[in-house]
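Chemist: Pasting a structure below so you can have a look.
In mature numbering (1 follows the signal peptide of the UniProt record, and there is no 0), the protein residues as written are -28 to -1, 1 to 316.
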């Protein structure tokens, strides 16, 4: 999840790596409450056992006609668990992945030395800065020259992941960006835009006073029904959304709008300009600027925390949404409340 569009975050992440995408996993000393929902999955046996000489691993994969994936994870991360279980171990495209990709699992808090190139050696926990990893899990796809050609953060369902795998496997990256490829390979008619009592019809987004939440969907969205049936139907989520003006845009439509910065544009162009790769994506603005975004599947606790970060103005006090969520969690635990970071 890219949580902000206005400032680099890698340095801050290295200082607080425990709060990447599945934070906070570190409890206060002797907490009265319990932190629930942390999960760790065993990797499939076909994950590559590597000496962590990445250039050599790339050469081996390339010689076999495959690409190398660096699977960046963290112990206890429920989203990493879900990615492994539902895609790599039991997913419908497991055999395709195994045939066309080599996967090396790396722990973003680990101490193993990784040789990115013969001249660049880093401990695992320094890779977040090197590869600008902002979330766990993150998948980094490397081509035959050891160059990243695609990177995705957060959990992806099997069908969404398959399109990204196809982009890399067919080497479409030589001709177009991942965003353009995904737009050109949409399966229309998978979803019909749904109503919601908090969605407002506003064409000029620059006129909105206070926090603005822009929900990007389209008719190819695989996860939009789940969002509406789940989080958007939840009373606690609706309460957090009450701090926003909520607007929904069809990311595939040429509907004329005015962007939050006052630029005349269209819904489709704004989605492209904001580099929206995932549907649904919720971009959170305040004072005319993007402060955070939710661009992958989040469990309820983190979803609400993201909304509070912008809607309640916590972005003014915390540089990163998960700095706020970490502080919130510590306070809840100290008060004797249990905190669950997973809905499953």
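Ideal Cβ positions, reconstructed from N, Cα and C, are used throughout, including at glycine.
1) Between the alpha carbons of residue 242 and residue 268, how many angstroms are there, rounded?
2) Quick one: what's got a C-beta closer than 6 angstroms to residue 333's C-beta in the same chain, skipping five residues either side?
3) Could you tell me the distance, in whole angstroms, from the CA atom of residue 298 to the CA atom of residue 35?
4) What residues in its chain sit with their C-beta under 7 angstroms from that of residue 319, if we drop five residues either side in the sequence?
5) Evaluate residue 239 with the Cβ neighbour count: other Cβ atoms within 10 Å of its Cβ, from every protein chain shown; 16 or more gives buried, anything less gives exposed.
6) Report, in whole angstroms, the separation of the C-beta atoms of residue 101 and residue 82, which I expect to be a contact under 8 angstroms.
7) Please report the straight-line C-alpha distance between residue 166 and residue 254, rounded to a whole angstrom.
8) Is DSSP giving residue 294 helix, strand or coil here?
9) Residue 51 to residue 234, Cα distance in whole Å?
10) With H, G and I counted as helix, E and B as strand and the rest as coil, what does DSSP make of residue 106?
11) Return the residue from the list 262, 10, 139 that minimises the CA-CA distance to residue 154.
12) What alpha helix (DSSP H) runs, 4 residues minimum, are completely inside the region 102 to 174?
13) Along the chain, where does the beta strand (DSSP E) that runs through residue 24 open and close?
14) Could you tell me how far apart the beta carbons of residue 105 and residue 99 are, in whole angstroms, since I believe they sit closer than 8 angstroms?
15) Can you tell me whether residue 211 is buried or exposed? The criterion is at least 16 other CB atoms within 10 Å of its CB, across all chains shown.
16) Could you tell me which whole beta strand (DSSP E) segments of length 3 or greater appear in the region 214 to 252?
17) May I ask you to report which of helix, strand or coil DSSP gives residue 39?
18) Pick out the complete alpha helix (DSSP H) segments inside the region 81 to 105, 4 residues or longer, and give them in chain order.
19) According to DSSP, which residues form a beta bridge with residue 46?
20) Determine, for residue 169, whether the minimum Cβ-Cβ distance to residues of chain B falls below 9 angstroms.
21) Would you decide whether residue 91 is buried or exposed? Buried here means 16 or more other CB atoms lie within 10 Å of its CB.
22) Evaluate contact between the region 292 to 312 and the region 219 to 237, counting only Cβ atoms and requiring at least three cross-stretch pairs below 8 angstroms.
23) Apart from the five residues on each side of it in sequence, which residues of its chain come closer than 8 angstroms, Cβ to Cβ, to residue 192?
24) Could you check what DSSP says for residue 284 in three-state terms: helix, strand or coil?
25) Of all the options 135, 142, 172, which has the alpha carbon lying nearest to the alpha carbon of residue 151?
26) Taking 8 angstroms as the cut-off, does the region 169 to 177 touch the region 64 to 73 (at least 3 CB pairs, one atom from each stretch)?
27) Let me know the secondary structure DSSP gives residue 6 once reduced to three states.
28) Below 8 angstroms on the Cβ atoms is my guess for residue 184 versus residue 194; work out the distance and round it to an integer in Å.
29) Exposed or buried, which one is residue 8 when buried takes at least 16 other CB atoms within 10 Å?
30) Who are the Cβ neighbours of residue 25 in its own chain at under 7 angstroms, not counting the five residues just before and after it?
31) Which residue's Cα is closest to the Cα of residue 218: 142, 13, 256?
32) Can you round the beta-carbon distance between residue 55 and residue 127 to whole angstroms, since I take them to be within the 8 angstroms contact cut?
33) Per DSSP, what kind of secondary structure is residue 56 in: helix, strand or coil?
34) By a C-beta neighbour count over all protein chains shown, 10 Å radius and 16 as the cutoff for buried, is residue 263 buried or exposed?
Modeler: Reading off the structure:
1) Along the chain shown, read from residue 1 onward, the residue named residue 242 stands at position 270. Along the chain shown, read from residue 1 onward, the residue named residue 268 stands at position 296. Roughly 18 angstroms separates the two Cα atoms.
2) Only positions -28 to 316 of the chain appear in the structure, and residue 333 is not among them; the question remains open.
3) Locating residue 298 in the chain shown gives position 326, where the first residue counts as 1. Locating residue 35 in the chain shown gives position 63, where the first residue counts as 1. Cα-Cα distance, rounded: 44 angstroms.
4) No information on residue 319 is available, as it lies outside the stretch -28 to 316 that the chain covers here.
5) Position 267 of the chain shown, counting from 1, holds the residue named residue 239. Its Cβ being crowded by 16 or more others within 10 Å, residue 239 is buried.
6) Here residue 101 refers to the residue found at position 129 of the chain shown. Here residue 82 refers to the residue found at position 110 of the chain shown. That pair is no contact at about 14 angstroms.
7) Here residue 166 refers to the residue found at position 194 when the chain shown is read from its first residue. Here residue 254 refers to the residue found at position 282 when the chain shown is read from its first residue. Their Cα atoms are separated by approximately 15 angstroms.
8) As a first step, residue 294 is located in the chain shown; it is residue number 322 there, counting from the start. Note: residue 294 maps to helix in three-state DSSP.
9) Against the chain shown, residue 51 aligns to sequence position 79. Against the chain shown, residue 234 aligns to sequence position 262. In a straight line, the C-alpha of residue 51 is about 36 angstroms away from that of residue 234.
10) Against the chain shown, residue 106 aligns to sequence position 134. Three-state result, residue 106: coil.
11) Position 182 of the chain shown, counting from 1, holds the residue named residue 154. Minimum Cα distance to residue 154 is reached at 139.
12) 130 to 141, 150 to 156
13) Walking along the chain shown from the start, residue 24 turns up at place 52. Taken as a continuous stretch (DSSP letters only), residue 24 belongs to no beta strand (DSSP E), as it is neither H nor E.
14) In the chain shown, residue 105 corresponds to position 133, counting from 1. In the chain shown, residue 99 corresponds to position 127, counting from 1. Indeed, because the Cβ distance is near 7 angstroms, the residues count as touching under 8 angstroms.
15) Here residue 211 is taken as the residue at index 239 of the chain shown, counted from 1. Answer is exposed; the Cβ neighbour count stays below 16.
16) 216 to 222, 228 to 230, 236 to 238
17) Working through the chain shown from its first residue, we reach residue 39 at position 67. The answer is strand: DSSP assigns residue 39 an E or B state.
18) 99 to 102
19) As a position in the chain shown, residue 46 is number 74, starting the count at 1. Answer by DSSP bridge pairing: none, since residue 46 is not bridged.
20) The chain inventory of the structure shown lacks chain B, comprising one protein chain alone.
21) By 1-based counting over the chain shown, the position of residue 91 is 119. Burial call: exposed.
22) no
23) The residue you call residue 192 lines up with position 220 of the chain shown. 158, 159, 160, 161, 162, 163, 224, 251.
24) Here residue 284 is taken as the residue at index 312 of the chain shown, counted from 1. Note: residue 284 maps to coil in three-state DSSP.
25) In the chain shown, the residue the question calls residue 151 occupies position 179. Of the listed residues, the one whose Cα sits closest to residue 151 is 135.
26) no
27) Counting from one through the chain shown, the residue named residue 6 turns up at place 34. Looking at residue 6 - three-state DSSP - the assignment turns out to be coil, as it is neither helix nor strand.
28) Numbered from its first residue, the chain shown carries residue 184 at position 212. Numbered from its first residue, the chain shown carries residue 194 at position 222. Rounded, the Cβ-Cβ distance is 25 angstroms, inconsistent with contact.
29) Position 36 of the chain shown, counting from 1, holds the residue named residue 8. Result: exposed.
30) In the chain shown, counting from the first residue as 1, residue 25 sits at position 53. So the qualifying residues of the chain are 87.
31) By 1-based counting over the chain shown, the position of residue 218 is 246. Of the candidates 142, 13, 256, the one whose C-alpha sits nearest the C-alpha of residue 218 is 256.
32) Locating residue 55 in the chain shown gives position 83, where the first residue counts as 1. Locating residue 127 in the chain shown gives position 155, where the first residue counts as 1. Yes, residue 55 and residue 127 are in contact; Cβ-Cβ is about 5 angstroms, under 8 angstroms.
33) For this step, residue 56 is matched to residue 84 along the chain shown. Here residue 56 sits in helix by DSSP.
34) Taking the first residue of the chain shown as 1, we reach residue 263 at position 291. Burial call: buried.
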